[in-house]
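So the sequences go chain by chain: S, P and W.
Following the working numbering, the numbering of the first sequence begins with 843 at its first residue and continues without gaps.
Following the working numbering, the numbering of the second sequence begins with 843 at its first residue and continues without gaps.
Following the working numbering, the numbering of the third sequence begins with 843 at its first residue and continues without gaps.
The C-beta atom is built at its ideal place from N, Cα and C for all residues, glycine as well.
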Amino acid sequence: MQPLEKNIGIVNVVFGDQVQVVQPVNLYDCTIGNYCFIGPFTEIQSGVVIGDNCRIQSHTFICTGVTIGKECFIGHGVVFVNDDFKIGKPAGNASLWKKITIGNNVSIGSNATVLPVNICDNAVIGAGAVVTKDILIAGTYAGNPAVLIRTLH
Amino acid sequence: MQPLEKNIGIVNVVFGDQVQVVQPVNLYDCTIGNYCFIGPFTEIQSGVVIGDNCRIQSHTFICTGVTIGKECFIGHGVVFVNDDFKIGKPAGNASLWKKITIGNNVSIGSNATVLPVNICDNAVIGAGAVVTKDILIAGTYAGNPAVLIRTLH
Amino acid sequence: MQPLEKNIGIVNVVFGDQVQVVQPVNLYDCTIGNYCFIGPFTEIQSGVVIGDNCRIQSHTFICTGVTIGKECFIGHGVVFVNDDFKIGKPAGNASLWKKITIGNNVSIGSNATVLPVNICDNAVIGAGAVVTKDILIAGTYAGNPAVLIRTLH
Numbered sequence: 843m844q845p846l847e848k849n850i851g852i853v854n855v856v857f858g859d860q861v862q863v864v865q866p867v868n869l870y871d872c873t874i875g876n877y878c879f880i881g882p883f884t885e886i887q888s889g890v891v892i893g894d895n896c897r898i899q900s901h902t903f904i905c906t907g908v909t910i911g912k913e914c915f916i917g918h919g920v921v922f923v924n925d926d927f928k929i930g931k932p933a934g935n936a937s938l939w940k941k942i943t944i945g946n947n948v949s950i951g952s953n954a955t956v957l958p959v960n961i962c963d964n965a966v967i968g969a970g971a972v973v974t975k976d977i978l979i980a981g982t983y984a985g986n987p988a989v990l991i992r993t994l995h
Numbered sequence: 843m844q845p846l847e848k849n850i851g852i853v854n855v856v857f858g859d860q861v862q863v864v865q866p867v868n869l870y871d872c873t874i875g876n877y878c879f880i881g882p883f884t885e886i887q888s889g890v891v892i893g894d895n896c897r898i899q900s901h902t903f904i905c906t907g908v909t910i911g912k913e914c915f916i917g918h919g920v921v922f923v924n925d926d927f928k929i930g931k932p933a934g935n936a937s938l939w940k941k942i943t944i945g946n947n948v949s950i951g952s953n954a955t956v957l958p959v960n961i962c963d964n965a966v967i968g969a970g971a972v973v974t975k976d977i978l979i980a981g982t983y984a985g986n987p988a989v990l991i992r993t994l995h
Numbered sequence: 843m844q845p846l847e848k849n850i851g852i853v854n855v856v857f858g859d860q861v862q863v864v865q866p867v868n869l870y871d872c873t874i875g876n877y878c879f880i881g882p883f884t885e886i887q888s889g890v891v892i893g894d895n896c897r898i899q900s901h902t903f904i905c906t907g908v909t910i911g912k913e914c915f916i917g918h919g920v921v922f923v924n925d926d927f928k929i930g931k932p933a934g935n936a937s938l939w940k941k942i943t944i945g946n947n948v949s950i951g952s953n954a955t956v957l958p959v960n961i962c963d964n965a966v967i968g969a970g971a972v973v974t975k976d977i978l979i980a981g982t983y984a985g986n987p988a989v990l991i992r993t994l995h
């Protein structure tokens, strides 16, 4: 049999001023603020909203349900997760997907994984961290699961 | 010097009915069952067999030696590993690569890493987990290395 | 608004003899030694130097500041990090990025994350490991953060 092949691209995206995008990317039905940079091999899904002056680095996947504030840095290979497999498998129904809110001036290190949580302004997530709980206090978090390793000076 | 450049694509793949593939992908010499979905930026190597009704999400790499059952969800950025560097470096000889068997109705969270193991039916692997040992009892496993965090209700 | 779109490619790369590259890749202003293999969906940034006979597998990101010796294996989805967010966010100035030096005959497992460190000859980094400190003694390191789990026989 032949598969049904689709191609990635930029479809129905609202871009602010002076956004840079490095192809190939898969961006659809999302909103990207002024002066953002979107690296190659990235996917940003429907409904995602990204504030001004953010960098979304290569190989990153941002799922439906994610809102990112201003001045954020999302490293390479970062993956957001909107389904916690609570029923022992994928929810199967988009209405069950969770929200993920990232504040302003948040830096998320490369290869980090962010489950359905809220991350407050000025938080720093270390490279390779797995964020499983809300982050309510600015500081640096690392590990799997991520824990606070340094408060903000 | 000029490098020898090859291009990715779909080469010698046996597809079941109504498979969807989002390009760009690198699929070769593998078998993909009915009603599967294969996301963009994925690579599936020679000899891999994937059962019916599976979703293989973006940025995932499935190496030679992997067999996946039916109704499985493989998240974004999941990587399978068939070589445990037992000799202190890559085996260097494909005959030394290990097998990886994934049962039916298995869900593997995004950015997880799966070493040469067997994973039983109905297992759930958390996002960002590193699976280093066989999983013989259905339940949810997370962490690096992955451990059982919740048995199946 | 329309974004400024750029395309990835191979720009100003010094290749040794008989290098193989699988497109799509994003390689620029770097040096890649003889007989190397570069997999698809990889990015290698300015100033990176890779020695002879290395394999750089798919989905890997190698940042400015990285030097890799000879006979190294860099797995799938490996990400190097040159900025430790010491000021609580990205350094913002390339002069503050750190160096990362990988010796000869080093094997780095898939989905590993390598922060600004030096890794000695013959080291083995397990799949999914997060390397946060210099590795000075040959052996196998795994976990988040990576620790020595086996010395070299």
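Using three-state DSSP, classify residue i as helix, strand or coil.
i      : result
W:A792 : Chain W is shown only over 843 to 995; residue 792 of chain W falls outside these bounds and no answer can be derived.
P:S952 : coil
S:L990 : strand
P:L938 : helix
P:V890 : coil
P:N960 : strand
W:L846 : strand
S:F927 : coil
S:I874 : strand
P:T974 : coil
S:V855 : coil
Can you check DSSP and say which residues form a bridge with residue i?
i      : result
W:N868 : W:E885
W:F879 : W:Q862, W:R897
W:F903 : W:E885, W:V921
P:I979 : Answer is none; P:I979 lacks a bridge partner.
W:V908 : W:I942
According to the neighbour-count rule (16 or more other Cβ atoms, all chains shown, within 10 Å of its Cβ), is residue i buried or exposed?
i      : result
S:N849 : exposed
W:S900 : buried
P:A969 : buried
W:G934 : exposed
P:T982 : buried
P:E885 : buried
S:D859 : exposed
P:A988 : buried
S:D976 : exposed
S:I874 : buried
S:T902 : buried
S:G919 : buried
W:P904 : As written in the sequence, residue 904 of chain W is Ile, which differs from the Pro given in the question. It is buried - the Cβ of W:I904 has at least 16 other Cβ atoms within 10 Å.
W:V853 : exposed
P:E847 : exposed
S:A954 : buried
W:L994 : exposed
W:L938 : exposed
S:G851 : exposed
S:A936 : exposed
S:I892 : buried
W:I950 : buried
S:F956 : The identity of residue 956 of chain S in the sequence shown is Val, whereas the question assumes Phe. With 16 or more other Cβ atoms within 10 Å, it is buried.
P:L978 : exposed
S:Q844 : exposed
Interface residues of the segment 942-957 of chain P facing chain S [CB-CB below 9 Å]: Shown in chain order are the members of the segment 942-957 of chain P whose Cβ falls below 9 Å from a Cβ of chain S: N947, V948, S949, G951, S952, N953, A954.
Within 7 Å of chain S by C-beta, residues of the segment 883-910 of chain W in sequence order: Listed by position along the chain: F883, E885, H901, F903.
Residues from the segment 916-932 of chain W in contact with chain S, defined by Cβ distance under 7 Å: Listed by position, the residues of the segment 916-932 of chain W near chain S (Cβ gap below 7 Å) are G919, V921, V923, F927, G930, K931, P932.
Against chain S: residues of the segment 859-873 of chain P by CB proximity under 8 Å: Listed in sequence order: D859, Q860, V861, Q862, V863, V864, Q865, P866.
Chain S contacts made by the segment 963-975 of chain W, where a contact means CB separation under 7 Å: Answer in chain order: V972.
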